[in-house]
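Structure first, commentary second.
Residue numbers (this note's numbering), protein chains in the order written: chain A, 19 to 438; chain B, 19 to 438.
Encoded structure:
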C-alpha cells in the first residue's frame, strides 16, 4: 500500500475520532444549527455545485458511462433543493442521543441506567449519487457520529464540493470540520486502508450494488452494516381477496420497480391460481411488466416466458416478474426462506390464522399481511429518514434511521459499592 | 482446504439452519424441558463425563500443558454439578423471543409490530474450559438459536461427551439434534470453513484469549461479537471519600484479579494523591498487590516499580496494578479513552457534577461512580446469566445475556394497503 495514502487515511481517522468526542456531547440545538446552515449553503451555492458537477459529467461522458449512471450522477437545481429540504427535515427529528432505555436498582445497591449514545466514527462507502454525501453526513451528525465519506470516483468533484459546504457550516458553528470528512482521492487503496482502521472507525456502511457491498464485507476488519439486495416476494394464499391481491401486487411491482423493496417474485397458491391469473396478468401486462413463470403458471397462461433457476435468485430492479405456483402456505414460506434475501415479503390472505403463521415463519426483516412490500422505508415507518435498509440481522434490521446509528452504554451509580 | 472437512462443516451449517427454523418457533416450556433434561443427564452421567475428561487430561499432561491450563480443562463432579445448576437457572429465566418491542399504526393504515426473534445460527469458538460447551448451548437454545460449537482441541473428548448429552436431551424431547452441534475434529481448517459460511451462520462469538479473538475477527466474513480484554480503570477524584476509595479500589483489584472486569490501572488526582497514597498502598501491599507507578507516584512512594508505556496497555489478570497521577477529571477521561479497552471504568467522587461529567465523557460499555468495576457481569446486572462481556459497540455492548442473543423483525398488517 502507498505510504502517502496510508498516512492520509490514518490522519482522517485520527481527526474523526477526536471530532467524535465533541459530537457525542452536543445538544440537539447545536447539531440542528449546523444542519440548517448546511441547507442554507446548498441553496445559496447551486451555481458552484452545478459547476463542479459539470466537471464530473464531462469526464463521465468522455469515459462513455451509461445514460442511467450519468442521470444518477447529475445534480440539478431541483435535486439540490430537494437535498437541502431533506437536511432541514433531519434537523426537525428528535435527537436519539441521551435517551434512557432502561433503569434499575439492583439488590447490591447500584443503580444501572442504560443510555443511548453515538457509535463514534462511521465510514460510508458509496457509488454514483452525490446526494448521499449530504444525506449520510446529516444523519451521522444528528446521531452524534463523526463520518468519513468515500464516494465513487466519477463523482469526485461533486462530492468534494458538497462535503466542503458541510464543513464550512460546522466551522461557522465553532465545531470541528473533521466531524464530516471526505476521502479526496480516487486511489482505490484508500478504501483498503479505511477498512483496516479498527482503532479509528467503529462501523462501515457500504451503499451501492451487490459487488461493492460484497467486496467491503470481505475486506473489512471493522463491523459492516450491509444493505444487500431485496428479492422480495408476495404470496397470494388460497383465500386471498382477489381485488386486494391485484391492487397490492401491482403496487409492489410497478410503483417504483428500481428500488430494493419492489416485488421480484410472486407466489400463487394452486387453489386460487386459475381464478386470479387471468385478471392479474392482464393488469401486469397493461403496466408493461414482463412475466416469467414456472411450468404450472405456463399451463394456465402460455404467453409467459420460462422462469429459470436463476430467475428465482434475481433482483431485477426492473419491470420483470417471476411467478411460481405453490401448494399451500408452508411451501411458500420454505421457498421464500430459501430463495429470498430476507428483506421484505408479503402474504395476501383473509385468514388471520394463515397470516399469523406467515408472519411467524418467514425469516425476513419485514413481513407483511395484505400490504405492499414497498412500505419498507424509514419514512413510511415513521423514522423520518433512513440511511438504507439493513439486510443484516445484527445491530439493525430493516430501515436504518437515527436510532439505528446509535449504541448504548451503562451508567452506574453506587455509594462505595463493592462486589462480594 | 481439505474437501472432506469443507463438506463436513457445510453439512453442520445446513443442518443448523434447518434446526434454527424449528427452534425459532418453540414455546418456552419446550425449551425448558430440554434444559432440565440436560441438567438431569449431566448429574446422572458424572462417571462418563469424568472418564472422557480423563482422556483429555492424560493427553494434556503428556503434551506438557501448564498447570493453569490443566486446571481449566478439568471436569470434577463439583464442576459438573455447578454446570447442571447453571442450566437449570437458564430454564427459569424469561424467554426473550416473541416480546413486542414497539407497535404503531401509521397514517397509511398499516400497523407495524417490532418483535424480538432469535438471530438464527450462532457459532461459538472457544478455548480450554469444557463447561462453555453446556453454558453456550443452554443460552443459545433458550434464545431460540441453533449453535455450532468449536472447542479447543485439548478438550475434544470432554466437549464431545457434553454435547452428546445435550443432543440426547433434544432428541428425547422430539427436537432436532442439530440444534446443538459440536465440530468433532481437531482439524484447524474446520474453523476457517466455519468462518466463511455466511449462508448458514449468522453470528460468531469467539471466547478466549486476545489472539484467538483477533484471529477470528480478521478471518471471519460473518459478523463477530468480540469479547476483548478489559483494561479497566478507577480514577480517584480530588474530592473522593478516602474510605470509599480504598474499599472500592481494593475490591476492583483483588476480589478476583484474573477476570476481565478487574481493575488494571489506577488514576489518582494530584490534589488527593499525597493524602490517599500512604493508606491505599498499604492496603494493596497487605493484599499482595505489586504496584507500578509513574514518576509522580514514585515521588510520593519510592517503593513502587517504574510503570512503562507498555504497562498502561496491559491487562495483567493478576495481582499487579499500574498507578498514575493526573491533574483533574479531564486528564483522567482522556487517558482512559486513549489507553483503556472501553470495557469498565470508574470514578470515586463526592461531587454529583464531576461524576456526571465522567459518566458522560468516558467512552466505555459500563462507567461507574463510586462502585467497583467488578459489577460488570450479567448476573449482577439482573440478566441471570451471560455469554460474556462485549467490547464491541455494535449490536450488544457490555454483558451479553439472552436478549443480546436475539434480533427483531417487523410484522406488518394492512388491509390491501398500497404505497402512493
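All C-beta atoms, glycine included, are put in the ideal place defined by N, C-alpha and C.
Source: prediction; values computed, not measured.
- When DSSP states are grouped into helix, strand and coil, residue 413 of chain A belongs to the coil group.
- Under a 10 Å Cβ-count criterion, residue 250 of chain B is classified as buried, with 16 or more other Cβ atoms of the shown protein chains found around its own Cβ.
- Listed by position along chain B, the residues whose Cβ is nearer than 9 Å to that of residue 393 of chain A are 124, 126, 128, 130, 430, 432, 435, 436 and 437.
- Shown here, residue 386 of chain A sits in a strand according to DSSP, grouped into three states.
- Excluding its 5 nearest sequence neighbours in each direction, residue 214 of chain A has C-beta neighbours in its own chain below 6 Å: 239, listed in chain order.
- Scanning A:315, A:310, A:316 and A:68 for the CA closest to the CA of residue 330 of chain A turns up A:310.
- Uninterrupted alpha helix (DSSP H) stretches at least 4 residues long and entirely within the segment 250-328 of chain A occur at 260-272, 291-304 and 313-318, given in chain order.
- In this structure, the beta-carbon distance from residue 95 of chain B to residue 137 of chain B does not fall below 8 Å.
- Counting along the chain, residue 424 of chain B sits inside the beta strand (DSSP E) bounded by residues 424-435.
- Residue 185 of chain B sits buried, since 16 or more C-beta atoms from the chains shown fall within 10 Å of its C-beta.
- Within the segment 225-247 of chain A, 235, 236, 239 and 241 place their CB atoms closer than 7 Å to a CB of chain B, listed in sequence order.
- Taken atom to atom, the span from the alpha-carbon of residue 23 of chain B to that of residue 211 of chain B is near 8 Å.
- Per DSSP, residue 406 of chain A is one residue of the beta strand (DSSP E) stretching across 406-408.
- Annotation for residue 336 of chain A: no alpha helix (DSSP H) segment contains it, and DSSP assigns it neither H nor E.
- For the 8 Å CB-CB criterion, residue 322 of chain B and residue 218 of chain B do not form a contact.
- Residue 419 of chain B sits buried, since 16 or more C-beta atoms from the chains shown fall within 10 Å of its C-beta.
- Of the candidates A:277, A:326, A:270 and A:255, A:255 places its Cα closest to the Cα of residue 294 of chain A.
- If you draw a straight line from the Cα of residue 382 of chain A to the Cα of residue 202 of chain A, it comes to about 37 Å.
- Cβ-Cβ distances below 6 Å link residue 338 of chain A to 308 in the same chain, with the five nearest sequence neighbours on each side left out; the list follows chain order.
- For residue 137 of chain B, the neighbours in chain A by C-beta distance under 8 Å run, in chain order, 411 and 412.
- As summarised for the segment 130-193 of chain B, the continuous alpha helix (DSSP H) elements at least 4 residues long and confined to that stretch are 149-160 and 174-190, given in chain order.
- At a cut-off of 8 Å between beta-carbon atoms, residue 396 of chain A makes no contact with chain B.
- One alpha carbon belongs to residue 177 of chain A, the other to residue 169 of chain A, and they sit about 7 Å apart.
- With respect to chain B, the C-beta atom of residue 347 of chain A has no partner C-beta closer than 8 Å.
- For residue 147 of chain B, the number of other beta carbons within 10 angstroms of its own is at least 16, and it is reported as buried.
- Taking a contact as a CB-CB distance under 8 Å, the pair residue 43 of chain A and residue 361 of chain B does not count as one, their CB atoms being some 21 Å apart.
- Using a Cβ-Cβ cut-off of 8 Å, residue 221 of chain B counts as an interface residue toward chain A, since at least one Cβ of chain A sits closer than that to its own.
- Between residue 416 of chain B and residue 384 of chain B a beta carbon distance of about 5 Å is seen, short of the 8 Å cut, so the two are scored as contacting.
- Distance from the Cα of residue 351 of chain A is smallest, within the candidate group A:372, A:152, A:368 and A:336, for A:372.
- Scanning the segment 206-231 of chain B for uninterrupted alpha helix (DSSP H) segments of 4 residues or longer gives 207-213, listed from N- to C-terminal end.
- One thing to note: residue 244 of chain B has its Cβ within 8 Å of the Cβ of residue 408 of chain B.
- In the structure shown, the three-state DSSP call for residue 105 of chain A is helix.
- Proximity of chain B to residue 378 of chain A at the Cβ level (cut-off 7 Å) is accounted for by 43, in chain order.
- Residue 273 of chain A belongs to the set of residues whose beta carbon lies under 8 Å from a beta carbon in chain B.
- Taking 8 Å as the threshold, the shortest C-beta distance from residue 415 of chain B to chain A falls below it.
- Exclusion of the five residues before and after residue 119 of chain B leaves 132, 133, 134 and 426 as the residues of its chain whose Cβ lies within less than 8 Å of its Cβ.
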